[in-house]
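Right, one structure below, let's go through it.
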Amino acid sequence: MSEPLELHIARKTYRGAEGGTVEAVRDLSLAFDSGRFTALIGPSGCGKTTSLRILAGLDHDFEGRVKLPADTRIGFVFQEPRLLPWRTVIDNIRLVLDAPDTADLTPLIDELGLSGMERKFPTELSLGLARRVALARALAIAPDLLILDEPFTSLDETTALRLRQMVLTAWKRRHTTAILVTHNIREALQLADRIILLAPSPARVVADLGIGLPQEERTEAFVEEMRTKMVRDWPGLVA
Amino acid sequence: MPMGVRSAAGRRTVTAGLSAVILIGVWGLVAAISPSRTLPAPWEVATALGDEITSGRLPWHLFCTLSRVSAAFLLAMSLGSAIGIAMGRHRAVNEALDLWLVVLLNLPALVIIIMAYMWFGLTEAAAIGAVALNKLPNVVVTLREGARALDPDLDQMARAFRLSWRKRMAHVVLPQLTPYFAASARSGLALVWKIVLVVELLGRSNGIGFQLNMFFQLFDMASILAYAISFVAVMLAAEMLILQPFERRANRWRVRTA
Ligand SMILES: Nc1ncnc2c1ncn2[C@@H]1O[C@H](COP(=O)(O)OP(=O)(O)OP(=O)(O)O)[C@@H](O)[C@H]1O
Ligand SMILES: [Mg+2]
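Chains as they are written, first to last, in the working numbering: chain A, 3 to 241; chain R, 205 to 462.
Set out below in structure tokens:
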């Protein structure tokens, strides 16, 4: 995969409950370079989840176009864990594999701190643990495109830090194209090499920043400095 | 309690047993006070039951009826589920079949049975088909409801990970439909065995329904009760030994909050 992924949404409307229509996205164009880690930051309700769904080919009911190779393996971490409640943790992960019998999931399970949880049902897990299982499921297929829709919310900072490290490792190892939606600017500054700021509904690109410094060289001071700068330049959008 | 029955299941068994004993006691008392041909005493029924079992007649007719019940039940459940799920998932299928569903729902069982016998003769296939057709619309309606209630988020997850049709069915769709299967199986079994007796009475030469009709001609109430009771006992056992364990297994993952 070397071609950039392209997404152009001319118009996306939802049918409201009372028959009216709600415009979720209008005239949004995004391109994601292959192998890069892009963070999308935008206010709640501006259409981030909607755009990701369209990009992944899960919603065809829109005006516009998507350029995504048909055989792209997509690892999708949804905003909610979306695990099958009637399957155990391990079965939830195995489900998405092409060859579930030959795959060794132990390293992944260990890395995500899920060992001992394999036989539990999702209803027995805390939300934080369920999020880790959802992340494990997405990483298990060795995706070409990793889509993360606010994957680290409701996790304590230590766990979130560890999981971010894991995502970073997985991304580096396979040169996956990664897209992360987040409200957490520090998170974006730690992980991404490109940050796209979106305006409130309907979504529109306000800023597109590249971060040249490799992730492992980014210190806390660097992140804080960048954050302060961004808060100054885009007050109201960045906190 | 002297025996110290603690578990809820144990208590339930004791209560059920007690109420059965009381019923039989009252029955025996009434039969003793006013003896009549239409209300034989419990021991007379027990004697008739013993005779029918040792002669091999009751096991044979019970076997015939149970075979028809299972054949019609399986046919109605599998066909009805497939149609119901298709109707719930695809609007076009629903629109095409909805009228027929309403017709079938409102057609009296007797009409279907008579039509089946007249068109296809007094055959086993006509008998089983007629029973299945009576049960079919209920299964369709229940599973259509289930298919409409499927979680679209999980469906989306399945599509995002490109799950095959088989995997989607086995792991995403069917588990969500388990309560609907259980509901239609439970109401279905009760309905099917009642209709099977009618089918046997009208056009078969074996089975419980055929025997009941024969004893009716002979005005032999003891034998009628013997057959009825043994049949109810078998259906009760099927409910407790097959349906309930299946439901418990399928619901293992639900966390009990109560
Ligand atoms: N299924 C739906 N039906 C109707 N309206 C919807 C639906 N999904 C989203 N919307 C609307 O579309 C808009 C964009 O929603 P979307 O979920 O994409 O926002 P978001 O940027 O992901 O927000 P958040 O950060 O809160 O997750 C919102 O106004 C929302 O109310
Ligand atoms: Mg969202």
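For glycine and all other residues, C-beta sits at the position ideal for the given N, C-alpha and C.
Min CB distance Met281/R to chain A below 7 Å
no
Would Trp173/A pass as an interface residue toward chain R - the criterion being a Cβ-Cβ separation below 7 Å?
no
Gln360/R beta carbon near ligand 2 (any heavy atom closer than 6 Å):
no
Which residues in the same chain as Leu200/A place their Cβ atom closer than 6 Å to its Cβ, once the five residues preceding and following it in sequence are excluded?
Gly44, Cys48
Residues sharing a beta bridge with Tyr16/A, DSSP:
Val24/A
Segment limits, alpha helix (DSSP H) that includes Phe423/R:
Where Phe423/R is concerned, there is no enclosing alpha helix (DSSP H), given that its DSSP letter is neither H nor E.
In chain R, which residues lie with their C-beta within 9 Å of the C-beta of Ala26/A?
Within chain R, no residue comes near Ala26/A; the closest Cβ sits about 16 Å away, beyond 9 Å.
Under 7 Å Cβ to Cβ from Leu99/A, same chain only, skipping five residues before and after it: list those, please.
Ala105, Ala142, Ile143
Whose Cβ in chain A lies nearer than 8 Å to the Cβ of Leu358/R?
Arg84, Leu86
Would DSSP call Glu120/A helix, strand or coil?
coil
Interface partners of Arg89/A on chain R, CB under 7 Å
His375
Are any of the Cβ atoms in chain A nearer than 7 Å to that of Trp457/R?
yes
Is any beta-carbon of chain R found at less than 7 Å from that of Ala58/A?
yes
For Gly214/A, is the classification buried or exposed, using 16 other Cβ atoms within 10 angstroms of its Cβ as the cut-off for buried?
exposed
Please classify Ile243/A as buried or exposed, where buried requires at least 16 other C-beta atoms within 10 Å of its C-beta.
Given that chain A is displayed from residue 3 to residue 241, the structure contains no residue 243/A and the question cannot be resolved.
Look at the Cβ atom of Leu85/A, then the Cβ atom of Ala132/A, and state whether they are nearer than 7 Å.
yes
Going by CA-CA distance only, name the one from Val403/R, Gly325/R, Leu283/R that's closest to Arg348/R.
Leu283/R
Kindly indicate if chain R contains any beta-carbon less than 7 Å away from that of Phe123/A.
yes
So with CB distances below 8 Å, who are the chain R contacts of Ile143/A?
Phe365
Inter-residue Cα distance where the pair is Asp61/A and Leu114/A
30 Å
Can you find the residues in the same chain that come closer than 7 Å, C-beta to C-beta, to Ile228/R, ignoring five residues on each side of it along the sequence?
Pro246
If you check the beta carbons only, do Phe39/A and Ala162/A fall under 7 Å apart?
no
Note down the Cα distance separating Ala320/R from Ile287/R, rounded to an integer number of angstroms.
21 Å
is_contact[Met158/R, chain A] using C-beta, thresh 7 Å
Nothing about residue 158/R can be reported from this structure: the residues present for chain R run from 205 to 462 only.
Cα-Cα, which of Ala205/A, Met119/A, Val233/A, Val27/A is closest to Leu191/A?
Val233/A
Which bits of chain A does Lys371/R rub up against, with CB to CB less than 8 Å?
Leu97
Under 8 Å between beta-carbons, which chain R residues line up against Ile111/A? List them in chain order, please.
Under the 8 Å cutoff, chain R gives no residues; its nearest Cβ is about 18 Å from Ile111/A.
If contacts are defined as beta-carbon pairs under 8 Å, then Leu30/A and Arg206/A qualify, I think. What distance do you get, rounded to the angstrom?
7 Å
If you draw a straight line from the C-alpha of Glu8/A to the C-alpha of Arg220/A, how long is it?
29 Å
For ligand 2, which residues have a Cβ under 7 Å from at least one heavy atom, in chain order?
Lys50/A, Thr51/A, Gln81/A, Asp151/A, Glu152/A, Val183/A
Can you tell me which of Leu358/R, Leu445/R, Ser211/R puts its alpha carbon nearest to the alpha carbon of Gln81/A?
Leu358/R
Taking the beta carbon of Pro312/R as the centre, do at least 16 other beta carbons fall within 10 Å, making it buried, or is it exposed?
exposed
Please list the terminal residues of the continuous alpha helix (DSSP H) segment that includes Arg234/A.
222–235
Can you check which of these residues, Ile198/A, Arg176/A, Trp236/A, is closest to Leu77/A by C-alpha distance?
Here residue 77/A turns out to be Gly, not Leu, going by the sequence shown. Among Ile198/A, Arg176/A, Trp236/A, the Cα nearest to that of Gly77/A belongs to Arg176/A.
Cβ atoms of Ala334/R and Val234/R: under 7 Å apart, would you say?
no
Identify the continuous alpha helix (DSSP H) that holds Val135/A and give its terminal residues.
129–142
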